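> This structure is in structure tokens; I'll ask about it shortly.
Chains as they are written, first to last, in this note's numbering: chain R, 45 to 521; chain G, 56 to 519.
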């Protein structure tokens, strides 16, 4: 990279605010996905003004610019695909304001998701979106990806909790969109920018809603001897209009991998478990828990266990949230998908995934947000075996096509990034992609901000590119 | 060449068939917006026909405005140009309904009440209890972005619209989002369509998540001497574990409106006599659930209302729908209550609601204007000025009071617009609120979606 640019960045941010040596950059060529791309330099702004100056420098030198939080993303969204400057927000980690009465907070993008909840829970509030990586991931990253999590079934995803953003546009202009009061006048810019995967602007401040903690929480583990029974239970719970706060499913293969690592007490001989949570008013929770248990029994659950205390609840959730770390222990490389299907299609889809796996010679694990129909099939493979790697690509492609045939989508919460860009034409026509490109170009005219993301780079469609890593990804999903 | 001359030569009939193009002045006048009539009305029968009409209009530089039931055309500025109305009401199909998945896809011209009946058969509903409910189309409710009391628990359309199909200003039929409840594939362009008044695209199809109807509902009505006391009750509810589906504060004077003949015409179900006191403030709250849950709500709400100084408390069950109906129809009832009703929408943080109401009341009194207000617990206030006539003098009084109320709202960090007022007064009121710093960003979007500027020119704020 141009020495002048690095010198200018060092002048702006100090020597400890810029990394440019090869060994330092190595740390930033990964995220939580299987993608790899190395930036040419990494910078750590401390303020909106720093971000503005960095954008101006990138413009002057025509060098790409990519925002990054904690690097836990699962689609290569925060990787510098075409090199350039990686803007890491870890030093912009201040909570700028909390308004308990009005349930609002203003945060810098580098604030860790769970830290916000920790700061407000004394007042009976929390920040509701809870990606499994919430101990590490940042709210800025959540905003870029419109992150979900287990409890988004009842509480909604990131976009439902963001009221306003301070943007630093690729032109270097800082502008506030949305507002702390509801219904900011004009088009819903906040709705557009949340989930735009860092391709339209960098974000330097975020105004979010805080949500009351429920009076009561009841966590149930339902154990099944058949995968079909478990999926039919989810369909039945949904169609009866019961909305648990969370409804997570883990198949037998996955829970055995997890149990060996976390010791959460999952029964090793079962075919599937459902981790179900109901919350709210005491009276409502009791009734809902009973309805949920009744549906589980109707579908032959062999055991329904309620967490006796907070400790047991935490353990069950630890099992869920650390599952991917557990899988990383047993296989050198795995590939996780993020397709979504209508909930009514869950049994058929899970059966199809098993068939597709068998046909291609893989055992596919499933651990996912069942209540949302958001699948995370996991394919384990050995990256050194080229033939096997090709079969992974075919297998993953078959699964995602089936999801789309069922009326689904290619990503529920991980984002398109540089991992699924080639799949976009399966869902969107060239005209539709051109409209989205038009929006991108309107804000990001030179294409310097996070290039090579979301949009397919070539006309060929439906090919999944997976560049295997030498080490397993271990970030939790 | 004049627009009407161009239209007579333009072959809209080739697209929709001769029966579905109207040039008859009587029909044209029924599509007027603020006194401006189109030169033609088209009634497409499919999304592709909408796209073809728009493509033709773009080629001829004709301004188009999509309409539904035409119940809310008063929102926004008068059109700068208005050549062709696209009547969307023939697109009234349910495209996909998967009750088990709680998802639904409909064409935008379907009447909301008709859709509500279909959903009710499956014990489901959409939380779109919007004004003009018995007339409005789903597309109209979404394109105008009108909110409703249920936002307290369910949020607004942006929270439960899953995807849309729409036509861009170049006549391209496009979509964003999908029909699954969780989806981050591509930009959320459909969110931009909500409340954009058809200036970015013409919505042809909308996918929603639906919600289960609760087993039972109750209403809780508490009367207070002051706005401050009523809002104190609101804050107590907010701090409690309760999650009511609605919280609405009604000002003095609303009773007179709600018990009027005009109100009975708009929402015929009879409101229980003496439920509202015309001299007092009232907080109403809706709650839903099983008998045990409702009992808990009643106990807790009663206690909190008493602690906040309630002077009267009433529970509603059987006649709940009548009360909710009138509250839902607050806007049309207020519009029928004065020859020049001017309704401001003021959005402030919840802790500023009481102050905002007091300032509004003081400014209205200073101008000698009758007024009423409905404040949602989330901080959105509909403040209606009800002058006795539409005279020039009234216009001066109303625009002066509105400007001062707006200034107070800005001072409190709030957002305001004036969604409803006499057409002739729009030039003297800040219909779209103050110029915002981010309007420049919105203009970029307008250029992408509608490069020729043919969608509802002049109707939206900031010259969009």
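The beta carbon of each residue, even a glycine, is placed where N, CA and C say it ideally should be.
Predicted, not measured: the structure shown is a model, and the values here were computed from it.
Any residues in the segment 237-258 of chain G with a beta carbon nearer than 8 angstroms to a beta carbon of chain R? Which ones, in chain order?
Close to chain R, meaning a Cβ-Cβ distance shorter than 8 angstroms, are the following residues of the segment 237-258 of chain G: 237, 238, 239, 240, 241, 242, 243, 244, 246, 247, 249, 250, 251 and 255.
> Please list, in chain order, all residues of the same chain as residue 344 (chain R) whose beta carbon is under 6 angstroms from its beta carbon, the five residues on each side excluded.
273
> Can you have a look at residue 358 (chain G) and say buried or exposed, based on whether 16 or more other CB atoms are within 10 angstroms of its CB?
exposed
> Starting from the Cα of residue 476 (chain R), find the closest Cα among G:221, G:379, G:311 and G:363 and give me that residue.
G:221
> Counting only the same chain and skipping the five closest in sequence on each side, list residues whose C-beta sits under 6 angstroms from that of residue 302 (chain R).
Taking C-beta separations shorter than 6 angstroms and ignoring five residues to either side along the sequence, the partners of residue 302 (chain R) in its chain run 363, 367 and 370, following chain order.
> Cβ of residue 497 (chain G) less than 9 angstroms from any chain R Cβ?
yes
> Kindly list the residues whose CB is nearer than 7 angstroms to the CB of residue 400 (chain G), restricted to its own chain and excluding five residues on each side of it in sequence; keep chain order.
435, 437, 471, 472 and 474
> Are the beta-carbon atoms of residue 135 (chain R) and residue 141 (chain R) separated by less than 9 angstroms?
Their beta carbons are not under 9 angstroms apart, which means residue 135 (chain R) does not touch residue 141 (chain R) by this criterion.
> Which residues in the same chain as residue 513 (chain R) place their Cβ atom closer than 8 angstroms to its Cβ, once the five residues preceding and following it in sequence are excluded?
Caution applies to residue 513 (chain R), whose pLDDT of 42 falls short of 50 and renders its modelled position unreliable; the model cannot decide the point.
> Just tell me which of G:377, G:81, G:331 and G:87 has its CA closest to the CA of residue 125 (chain G).
G:87
> Should residue 502 (chain G) be flagged as near chain R, meaning a C-beta pair shorter than 9 angstroms?
Yes, because at least one Cβ of chain R sits closer than 9 angstroms to the Cβ of residue 502 (chain G).
> If you count every other CB in all the chains shown that lies within 10 Å of the CB of residue 466 (chain G), and 16 or more means buried, which is it?
Within 10 angstroms of the beta-carbon of residue 466 (chain G) lie fewer than 16 other beta-carbons, which makes it exposed.
> 9 angstroms is my cut-off, CB to CB: does residue 103 (chain G) come that close to chain R?
no
> Note down the Cα distance separating residue 521 (chain R) from residue 118 (chain R), rounded to an integer number of angstroms.
The predicted position of residue 521 (chain R) is uncertain, since its pLDDT is 41 and thus under 50; no value can be drawn from it.
> Determine the DSSP secondary structure at residue 79 (chain R), reduced to helix, strand or coil.
coil
> Anyone know if the C-beta pair for residue 90 (chain R) and residue 130 (chain R) falls short of 9 angstroms?
no
> Closer than 9 angstroms, CB to CB, is residue 326 (chain R) near chain G or not?
yes
> Taking the beta strand (DSSP E) that residue 379 (chain G) falls in, what are its first and last residues?
That residue, residue 379 (chain G), is in no beta strand (DSSP E); its alpha helix (DSSP H) goes 375-383.
> Using only alpha-carbon positions, find the residue among G:98, G:273 and G:389 that is nearest to residue 73 (chain G).
Considering only alpha carbons, the answer is G:98.
> Using a Cβ cut-off of 7 angstroms, which residues of the segment 390-423 of chain G contact any Cβ in chain R, in chain order?
402, 403, 404, 405 and 406
> Would you kindly work out how many angstroms separate the C-alpha atoms of residue 251 (chain G) and residue 75 (chain G), rounded to a whole number?
26 angstroms
> Identify the continuous beta strand (DSSP E) that holds residue 399 (chain G) and give its terminal residues.
397-402
> Please classify residue 108 (chain R) as buried or exposed, where buried requires at least 16 other C-beta atoms within 10 Å of its C-beta.
buried
> What residues in the segment 229-241 of chain R have a beta carbon less than 8 angstroms from any beta carbon of chain G?
229, 230, 231, 232, 233, 235, 236, 238, 239 and 240
> Under 9 angstroms, Cβ to Cβ, is there at least one residue of chain R near residue 510 (chain G)?
no
> Can you list the residues of chain R that residue 484 (chain G) reaches, using a CB-CB cut of under 9 angstroms?
The contacting residues do not exist; residue 484 (chain G) stays about 14 angstroms from chain R at best.
> Indicate the three-state DSSP secondary structure (helix, strand or coil) for residue 345 (chain R) in the structure shown.
coil
> List the residues of chain R that residue 67 (chain G) touches, going by C-beta distances under 7 angstroms, in chain order.
Neighbours of residue 67 (chain G) on chain R: none; closest Cβ ~23 angstroms, over 7 angstroms.
> Does residue 166 (chain G) come out as helix, strand or coil in the three-state DSSP assignment?
In the three-state DSSP reduction, residue 166 (chain G) falls in the strand class (E or B).
> Counting only beta-carbon atoms, is residue 446 (chain R) nearer than 9 angstroms to chain G?
no
> What three-state label does DSSP hand residue 254 (chain G) in the structure shown?
Looking at residue 254 (chain G) - three-state DSSP - the assignment turns out to be coil, as it is neither helix nor strand.
> Can you pull the chain R neighbours of residue 517 (chain G), defined as C-beta to C-beta under 9 angstroms?
Contacts between residue 517 (chain G) and chain R, judged by CB atoms closer than 9 angstroms, involve 229 and 230 in chain order.
> In whole angstroms, what separates the C-alpha of residue 60 (chain R) from that of residue 234 (chain G)?
CA-CA distance, residue 60 (chain R) to residue 234 (chain G), rounds to 47 angstroms.
> List the residues of chain G that residue 188 (chain R) touches, going by C-beta distances under 9 angstroms, in chain order.
Chain G residues near residue 188 (chain R): none, gap ~10 angstroms exceeds 9 angstroms.
> What residues in the segment 450-465 of chain R bring their beta carbon closer than 7 angstroms to a beta carbon of chain G?
451, 452, 453, 454, 455, 456, 457, 459 and 460
> Residue 506 (chain R) by DSSP, collapsed to three states: which one?
Here the model assigns residue 506 (chain R) a pLDDT of 40, short of 50, so the residue's position is not dependable, and the following value carries that caveat. In the structure shown, residue 506 (chain R) sits in coil (DSSP, three-state: anything other than H, G, I, E or B).
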